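Residue numbers (my numbering), protein chains in the order written: chain A, 1 to 278; chain B, 279 to 556.
The beta-carbon is built from N, C-alpha and C at its ideal position, and this holds for glycine as well.
Quick caveat, the model's predicted, so the values are computed rather than measured.
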């Protein structure tokens, strides 16, 4: 999960509460884990140096980007992405020990987890209800015979629930990518990627073709592209791109110089070791 | 809101319940309005011809795409986009008549509305809690002195709540684009756009540059580009593009032929009259 990431023992803020997928991701780093109630609170704690680093979700292979993480990194904080953690997501149906699946009328979980198990919930003939977190859902259903939660093994343990079904997500290959956020740049390791965000000079996405030419000319692979609304008007976007290489590499410096002339705004979110096979 | 869209009187399914923003959008079309509980149920009703058309949200200028609408159009249904409706979103804080803002501990609304009013809720020192719809939130807070909902004027009327504050969204220029979904193609009107979804031949977004060249060479403006996870693996995307022109236009036919050679999968979601200024 974090083969290449080297971070010394530290204080780690994560999107809590205890039992969340973010805790599972953060526990692969050595240090004291401190839960926060929201992605913004994690970033604020890193920004104020109340913690050394933060671990927050940035994209899921099924549901797509975590908009609030992207927006906060682009608009609100000048923090660095120092690493990534790729966590396979296996959703479990959590019930009180006296209940069975036939009793369930309502399924509680985070909106993304509910969405990822949509077909399973439909087949149960149950009503999905969104909660702020998966582990919050487990806490909520404790003692309610007709309610179930979707969450982690750890959440089941914490709230003394049983796992009535596992791997209940509709699609296989469900992984979430978390980023490690801090205040310092990472040195090149030889297997790095760089994350940037930019907006185009032109008002319309037509200019994206020109911006992408900077990468195509150097044969540099993009590992991610996301468009997000600029929050100015409909049809006005900012683009998040990840690509292979470290910002200290000569070729990457050339690309970044080239792309600067084609964008009205550009921010380097960080260069950091690549995990997984992308 | 629907200057260019011409649809004869018909049965219109919309993402309910009564009092939702989708109802406000759908009410600009002449016909009988029928609420459904989810975007999928609206599409299923159109598919089964239980209603003539459906009205569902597809993107918001602040929050970005509505993933479930894009995914259902790409993967699950062969329906046509027949038109678009652009609705300015003005969020209101709805309270019971005996309550004041100082009493409020919890604010209920749809996750997107909560997210769009994040700073306002933080300043209230209240806890946001997600509900399946904005009008569902209004129903839920009825009679609860310490709870507020975020929703429409119509929802306030329906549940006899008062509007304690209006235009409470964090960003101005908050508009939602709805699409009208049906089973028939629309004839060219001279001011049309076309929506397509495609995936690339190559495994990586590098091929996006080549696909966009089909538009750049013809100087055709893209009015939207979104990447969505393909649900196969992390870093594997499908792309939604809107551009000016009707699929019956000669130039658009050429672009579509050109792009077919650069994509492993392409689906034309529809050609329909453009609303607004994009």
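Straight-line Cα distance separating residue j from residue i
i                      : j                      : result
residue 380 of chain B : residue 411 of chain B : 24 Å
residue 424 of chain B : residue 68 of chain A  : 27 Å
residue 170 of chain A : residue 113 of chain A : 10 Å
residue 166 of chain A : residue 62 of chain A  : 18 Å
residue 168 of chain A : residue 512 of chain B : 19 Å
residue 29 of chain A  : residue 179 of chain A : 12 Å
residue 36 of chain A  : residue 263 of chain A : 35 Å
residue 253 of chain A : residue 217 of chain A : 14 Å
residue 50 of chain A  : residue 96 of chain A  : 37 Å
residue 89 of chain A  : residue 268 of chain A : 29 Å
residue 231 of chain A : residue 122 of chain A : 34 Å
residue 479 of chain B : residue 408 of chain B : 39 Å
residue 388 of chain B : residue 45 of chain A  : 27 Å
residue 295 of chain B : residue 396 of chain B : 24 Å
residue 152 of chain A : residue 106 of chain A : 18 Å
residue 209 of chain A : residue 490 of chain B : 6 Å
residue 485 of chain B : residue 276 of chain A : 21 Å
residue 386 of chain B : residue 246 of chain A : 44 Å
residue 99 of chain A  : residue 155 of chain A : 17 Å
residue 183 of chain A : residue 190 of chain A : 21 Å
residue 172 of chain A : residue 270 of chain A : 30 Å
residue 21 of chain A  : residue 135 of chain A : 9 Å
residue 143 of chain A : residue 361 of chain B : 48 Å
Under 8 Å between C-beta atoms of residue i and residue j
i                      : j                      : result
residue 15 of chain A  : residue 240 of chain A : no
residue 334 of chain B : residue 372 of chain B : no
residue 80 of chain A  : residue 185 of chain A : yes
residue 164 of chain A : residue 149 of chain A : no
residue 5 of chain A   : residue 273 of chain A : yes
residue 181 of chain A : residue 53 of chain A  : yes
residue 87 of chain A  : residue 23 of chain A  : no
residue 124 of chain A : residue 77 of chain A  : no
Own chain residues within Cβ distance below 7 Å of residue i, not counting five before or after
i                      : result
residue 266 of chain A : 196, 198, 259 and 260
residue 521 of chain B : 471, 472, 493, 498, 499, 500 and 501
residue 394 of chain B : 340, 341, 369, 447, 448 and 452
residue 535 of chain B : none
residue 288 of chain B : 309, 330 and 331
Beta-carbon contacts of residue i that lie in its chain and below 8 Å, excluding the five residues immediately before and after
i                      : result
residue 337 of chain B : 343, 344, 454, 455, 502 and 504
residue 72 of chain A  : 39, 40 and 43
Cβ distance (whole Å) where residue i is taken to contact residue j below 8 Å
i                      : j                      : result
residue 126 of chain A : residue 188 of chain A : About 50 Å; that fails the 8 Å criterion.
residue 34 of chain A  : residue 13 of chain A  : 5 Å
residue 533 of chain B : residue 352 of chain B : Not confirmed; about 19 Å, so no contact.
residue 19 of chain A  : residue 158 of chain A : 5 Å
residue 280 of chain B : residue 363 of chain B : 6 Å
Same chain only: Cβ atoms within 6 Å of residue i, ignoring 5 sequence neighbours per side
i                      : result
residue 228 of chain A : 70 and 238
residue 514 of chain B : 508
residue 26 of chain A  : 12, 14, 33 and 55
residue 406 of chain B : 385, 392 and 399
What are the complete alpha helix (DSSP H) segments, minimum 4 residues, inside the stretch 351-421 of chain B?
DSSP assignment within the stretch 351-421 of chain B yields the following whole alpha helix (DSSP H) runs of 4 residues or more, N-terminal first: 389-394, 396-402 and 412-419.
Going along the chain, which unbroken runs of the beta strand (DSSP E) with 3 or more residues stay wholly within the stretch 23-79 of chain A?
The beta strand (DSSP E) runs lying completely inside the stretch 23-79 of chain A and spanning 3 residues or more are 31-36 and 53-60, given in chain order.
Going along the chain, which unbroken runs of the beta strand (DSSP E) with 3 or more residues stay wholly within the stretch 191-274 of chain A?
Listed in chain order, the complete beta strand (DSSP E) runs (minimum 3 residues) inside the stretch 191-274 of chain A are 192-200, 222-229, 237-244 and 263-273.
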